[in-house]
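Top to bottom, those sequences are chains Z and X. The opening residue of the first sequence carries number 1 in this note's numbering; numbering runs sequentially from there. The opening residue of the second sequence carries number 324 in this note's numbering; numbering runs sequentially from there. Cβ coordinates follow ideal geometry from the N, Cα and C atoms, glycine included. Since we're looking at a predicted model, the values are computed, not measured. This report concerns only the one structure given below.
2 protein chains.
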Amino acid sequence: MNKPQGKVLTFDFGGTKLAGAIVNKATGEINHYRRKQTPKSMGSQGSLDVIYALSDEILKLNNGNEIQAIGISFGGPITRDGQMIIKSQHVEGWDYFPLPEVLSKHFGLPVYMENDANAAALGEWFYGAGEQCESLFYAQVSTGIGSGIIINGKIYRGMGLAGEFGHLTIEDDGLECACGKLGCLESYSSGWGIASRARKIYPQMAEESPLRQLTLGRPENITTELIFEAYRQGDEKMRALVRSAMASLARCLADTVCILDPERVVIGGGIAKSKEIIEAEIMPYLEKYIPKFIRSHFDLRFSVMGGQETLFGAALLSEEKFR
Amino acid sequence: MNKPQGKVLTFDFGGTKLAGAIVNKATGEINHYRRKQTPKSMGSQGSLDVIYALSDEILKLNNGNEIQAIGISFGGPITRDGQMIIKSQHVEGWDYFPLPEVLSKHFGLPVYMENDANAAALGEWFYGAGEQCESLFYAQVSTGIGSGIIINGKIYRGMGLAGEFGHLTIEDDGLECACGKLGCLESYSSGWGIASRARKIYPQMAEESPLRQLTLGRPENITTELIFEAYRQGDEKMRALVRSAMASLARCLADTVCILDPERVVIGGGIAKSKEIIEAEIMPYLEKYIPKFIRSHFDLRFSVMGGQETLFGAALLSEEKFR
């Protein structure tokens, strides 16, 4: 494979933050990383202003070195051709917005866009735990749950929405999901799902339980980080909750593995930060749910890129062979 | 795409029958179709003898016309390179048997082999309801449940076992499956699964119920055909059973569609013969389980090839571009 060359200005549009950096594709280095809050209620122009401010800072630090292209990771569904945002669940004003065209006009550079799970999968596949394997299933477990599929060195998109892993049904007529369905995996095992389930059982938890202590008795202080910390401190209710969330995640991973039988599975996203807990809890359930004849070659890894896989993936979009 | 050319001698190795025919790839015609019972207990040599007898009949009818290659559809897992059977669930003596090599020596022709679900998917994709679409998920619901995935005109195999659709978990700690897992879809919604569930409730069924009438009061007479006939005659218990089986199938199809978002889904296998029942029962559940944003372009068809899709797929294996 020809090695990727050149530098790409990359952006990661998340629900809470807008990040940018310059990625050197050849060396796999990331430079001039900057992030700002996503302005939630100022429409697309509000976000564009933040992007321009961010890029001014980054380009100043870049000191006139050549930029080949712009790569965008967007936290929401986009059209299959990468030309248009379909929707943002978190920020208003983005529906059917042709972000690449607008940025291309502003910067005078080619612009490539992918949704964040696909971008992360591509970045992790090339530079990280995917190790450029033949087929990768990358499960992104953060606030929400998404996934990306890389087959023969390219993002597999299906009709444009392949990898909607968070919307596999884990419980018939279960919890209501933002997608309109009941019982989606995302409502059980995502950061958001785990936190909201913790909030529900909070009133029944003992005063002296680690989670109550860590959150100072206020359920609005619950975060997944504190839930995992409570787990570490031996909080029985949080241990049971995390175990149940990992059982659900394992079952959906196993189902996916039955369909795709990929060379490798990588778990990434915020949850990968608590790798030792996830691994301990998920393994027995993967053992349970993956058929023996596939389990023998099943290969699970965790993201090694610390959240920057999306920017790396966004940078790689500038190479036609990966798109 | 270059049109396939030439004639291929094809075999379909099933658990109950061994079928053979000559497929004209260019015209999509099948000729000299013959079938015999699979000898269950005479080892690989027993089956080979039947194949040779079958091919003698077929080649005699073929009258010396040129045969380009041999294509095999095998009802069980094979190695990813298509060179070896891994196992037959139904017939003894096949474990790690290099069937293509043996047949190639006997016939002096190149031999290509695929498992039956992949072969059926390829045949249906090219000549049938798949209509050569960009991405196809073909669910084969017969005695067992398998599936085949065609992406960009090629069989997608993953590490070799992709498409193990029958082993998605539909019920946690549910019915025991031959694969060693609990709660696999195959135990609920396959022909075998539906029939064995009917056998379980048979003692509680009223004397005058259609299924009891059709089976002359003997549970060993139960077949899926009679269950569907009982359904047509208004048997309430069989209606509930078929509905439950279709709810399970729909949920697993929906999960698969979330992962693959294929251009088209085709349901094939023996169950496709009762298309009007399957369609009526499965549609409300697909509506329930497929997220709205995918449902809008979800496209379900039924096999139109009457069981011969495996032979057509086996024939197409002789073209390198499809393998």
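Beta-carbon neighbours of residue i, restricted to chain X and to distances below 9 Å
{"i": "glycine 160(Z)", "result": "Asp584 and His620"}
Range of the contiguous beta strand (DSSP E) that encloses residue i
{"i": "methionine 113(Z)", "result": "111–115"}
{"i": "serine 458(X)", "result": "458–464"}
{"i": "threonine 333(X)", "result": "330–336"}
{"i": "histidine 620(X)", "result": "It is not in any beta strand (DSSP E) - histidine 620(X) carries neither H nor E in the DSSP assignment."}
{"i": "glutamine 360(X)", "result": "352–360"}
{"i": "arginine 264(Z)", "result": "264–268"}
{"i": "valine 23(Z)", "result": "17–24"}
{"i": "alanine 250(Z)", "result": "Where alanine 250(Z) is concerned, there is no enclosing beta strand (DSSP E), although the alpha helix (DSSP H) it sits in stretches over 236–260."}
{"i": "alanine 69(Z)", "result": "69–74"}
9 Å Cβ cut-off: residues of chain Z touching residue i
{"i": "glutamate 487(X)", "result": "Val257, Cys258, Ile259, Asp261, Pro291, Phe293 and Ile294"}
Residue range of the unbroken alpha helix (DSSP H) whose run includes residue i
{"i": "glutamate 186(Z)", "result": "186–189"}
{"i": "lysine 60(Z)", "result": "43–62"}
{"i": "glutamate 276(Z)", "result": "275–289"}
{"i": "glycine 636(X)", "result": "632–639"}
{"i": "isoleucine 227(Z)", "result": "224–232"}
{"i": "serine 470(X)", "result": "Taken as a continuous stretch (DSSP letters only), serine 470(X) belongs to no alpha helix (DSSP H), being part of the beta strand (DSSP E) at 468–474."}
{"i": "proline 203(Z)", "result": "Counting along the chain, proline 203(Z) falls outside any alpha helix (DSSP H), and DSSP gives it neither H nor E."}
{"i": "phenylalanine 107(Z)", "result": "99–107"}
Cβ-based neighbour list, residue i, same chain, cut-off 7 Å, excluding 5 preceding and 5 following
{"i": "arginine 324(Z)", "result": "Because chain Z spans 1 through 323 in this model, residue 324(Z) falls outside it and cannot be assessed."}
{"i": "isoleucine 51(Z)", "result": "Phe11 and Leu18"}
{"i": "threonine 633(X)", "result": "Asp335, Ser396, Asp439, Ala442, Ala443 and Gly446"}
{"i": "leucine 61(Z)", "result": "His32"}
{"i": "alanine 515(X)", "result": "Contrary to the premise, residue 515(X) reads as tryptophan rather than alanine in this sequence. Within the same chain, tryptophan 515(X) has close Cβ partners Thr466 and Gly467."}
{"i": "alanine 501(X)", "result": "Gln412"}
{"i": "proline 400(X)", "result": "Ile409, Lys410, Asn438 and Leu484"}
{"i": "glutamate 186(Z)", "result": "Gly144, Ile145, Gly166, His167, Cys177 and Gly193"}
{"i": "lysine 326(X)", "result": "Ala349"}
{"i": "glutamate 389(X)", "result": "Lys330"}
{"i": "asparagine 152(Z)", "result": "Glu134"}
Cβ neighbours of residue i in the same chain (closer than 6 Å, five flanking residues each side left out)
{"i": "arginine 80(Z)", "result": "Arg157 and Gly160"}
{"i": "tyrosine 450(X)", "result": "Gly351 and Phe635"}
{"i": "glycine 93(Z)", "result": "Gly43 and Ser44"}
{"i": "alanine 392(X)", "result": "Val331, Leu432, Pro433 and Ser641"}
Contacts that residue i makes with chain Z (C-beta to C-beta distance below 7 Å)
{"i": "threonine 492(X)", "result": "Arg251, Ala254, Asp255 and Tyr289"}
9 Å Cβ cutoff, residue i in contact with chain B
{"i": "tyrosine 525(X)", "result": "Here chain B cannot be found, since the structure's protein chains are Z and X."}
Chain-order list of residues whose beta-carbon lies under 8 Å from that of residue i (same chain, five-residue window excluded)
{"i": "aspartate 255(Z)", "result": "Leu168 and Tyr289"}
{"i": "glycine 557(X)", "result": "Pro533"}
{"i": "isoleucine 227(Z)", "result": "Ile194, Ala195, Ala198, Leu211, Met238, Leu241 and Val242"}
{"i": "valine 257(Z)", "result": "Phe137, Val265, Ile290, Ile294 and Phe298"}
{"i": "tyrosine 435(X)", "result": "Ala392, Ile393, Gly394, Ile395, Gly405, Pro423, Ala637, Leu640, Ser641 and Arg646"}
{"i": "valine 478(X)", "result": "Here residue 478(X) is isoleucine; the residue named in the question, valine, does not match the sequence. Only Glu437, Asn441, Ala444, Leu445, Gly471, Ile472, Phe645 and Arg646 meet the Cβ criterion."}
Closer than 8 Å: residue i CB and nearest the ligand FMN heavy atom
{"i": "leucine 576(X)", "result": "Absence of the ligand FMN from the depicted structure is noted, as is the absence of any ligand whatsoever, leaving it without description."}
Under 8 Å, with one C-beta from each stretch per pair, do the region 337–357 of chain X and the region 101–116 of chain Z reach the 3-pair mark?
no
Between the region 554–570 of chain X and the region 532–539 of chain X, are three or more C-beta pairs nearer than 8 Å?
yes
Closer than 7 Å between beta carbons: that is the criterion. Which residues of the region 434–461 of chain X meet it against chain Z?
Ser458
If contact is defined by three or more beta carbon pairs under 8 Å, each pair taking one atom from either stretch, is the region 170–179 of chain Z in contact with the region 595–603 of chain X?
no
Near-chain X residues of the region 178–192 of chain Z (beta-carbon distance less than 7 Å), N- to C-terminal order:
Cys179, Gly180 and Lys181
Listed from N- to C-terminal order along the chain, which residues in the region 77–110 of chain Z have their beta-carbon within a distance smaller than 9 Å of any beta-carbon of chain X?
Pro77, Ile86 and Lys87
Does the region 374–383 of chain X come into contact with the region 354–363 of chain X, if we say contact requires no fewer than three beta-carbon pairs (one atom in each stretch) closer than 8 Å?
yes
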